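Working notes, beginning with the structure itself.
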Amino acid sequence: RQLWYFLVAVTLFLQNMFTFTLRMRQLVLILLCLPFTLYAQSDFKKNVVYGELAGAANFYSINIERSVAKGINVRFGAGAKPGELFLIPGLAYLMPIGDNGDRFIEIGAGLTNTIAPRAAFKYDLSGYMNFGYRKEATEDNPIFWRVTFTPLLFRDPCPAAGFMGYLLPWFGAALGYGF
Numbered sequence: 002r003q004l005w006y007f008l009v010a011v012t013l014f015l016q017n018m019f020t021f022t023l024r025m026r027q028l029v030l031i032l033l034c035l036p037f038t039l040y041a042q043s044d045f046k047k048n049v050v051y052g053e054l055a056g057a058a059n060f061y062s063i064n065i066e067r068s069v070a071k072g073i074n075v076r077f078g079a080g081a082k083p084g085e086l087f088l089i090p091g092l093a094y095l096m097p098i099g100d101n102g103d104r105f106i107e108i109g110a111g112l113t114n115t116i117a118p119r120a121a122f123k124y125d126l127s128g129y130m131n132f133g134y135r136k137e138a139t140e141d142n143p144i145f146w147r148v149t150f151t152p153l154l155f156r157d158p159c160p161a162a163g164f165m166g167y168l169l170p171w172f173g174a175a176l177g178y179g180f
């Protein structure tokens, strides 16, 4: 039931993400950055800092992720490529698999907001989804890693002939440390 609510929320988020105004995007970013004190898994590290290759920022990014409830993680990251800087808020649902309890299937979504000189890029806001496999950082082993299929959804700020954007199949890999 919890997964169903999460999937409905992600669907509504993705349907409306291209109509977000700048103020709405800033509000979402502020809400994702607030400290959370909800219940999290006790045998896992609540916070993870990790580097990601490819993934939501196209090339590379540095991220911090926090477990805010059992099976729900919030992410904020920053990435760069020549002439562009990306801010990456996101939300993920984790479904445990296996006997160890530290391996998960991850389903999530978020935004990749480009902040750079406006003439330097065509797509200023994109969304991403991620479907992946991850190993959580535990008390015994603080190393975190994940691999994801991360399709990127680009919005065209100047649509011509009804073309609003496109979907780019993408992958990502991350390695980090839990604390």
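Counting from 1, position 73 in the sequence shown corresponds to residue 74 in this note's numbering; the numbering is continuous, with no gaps.
Ideal Cβ placement from N, Cα and C applies to all residues, glycine included.
Just so you know, these numbers come straight off a predicted model, no measurement behind them.
query: Beta bridge counterpart(s) of Thr149 as assigned by DSSP; result: Gly133, Gly173
query: Counted within 10 angstroms of its Cβ, other Cβ atoms place Leu95 as buried (16 or more) or exposed; result: buried
query: Rounded C-alpha distance that separates Leu88 from Tyr129; result: 12 Å
query: Cβ neighbours of Leu1 in the same chain (closer than 8 Å, five flanking residues each side left out); result: Absent from the model: residue 1. The displayed extent of the chain is 2 to 180, so no value can be given.
query: Simplified DSSP assignment, three categories, for Gly99; result: coil
query: Sub-8 Å separation of Val49 and Gly133 beta-carbons; result: no
query: Residue from Ala55, Asp103, Lys46, Ile108 with nearest C-alpha to Pro170; result: Ala55
query: Nonlocal neighbours in the same chain, by C-beta distance under 6 Å from Tyr167, ignoring five residues either side; result: Phe155
query: Beta strand (DSSP E) segment containing Phe180, residue limits; result: That residue, Phe180, is in no beta strand (DSSP E); it is neither H nor E in DSSP.
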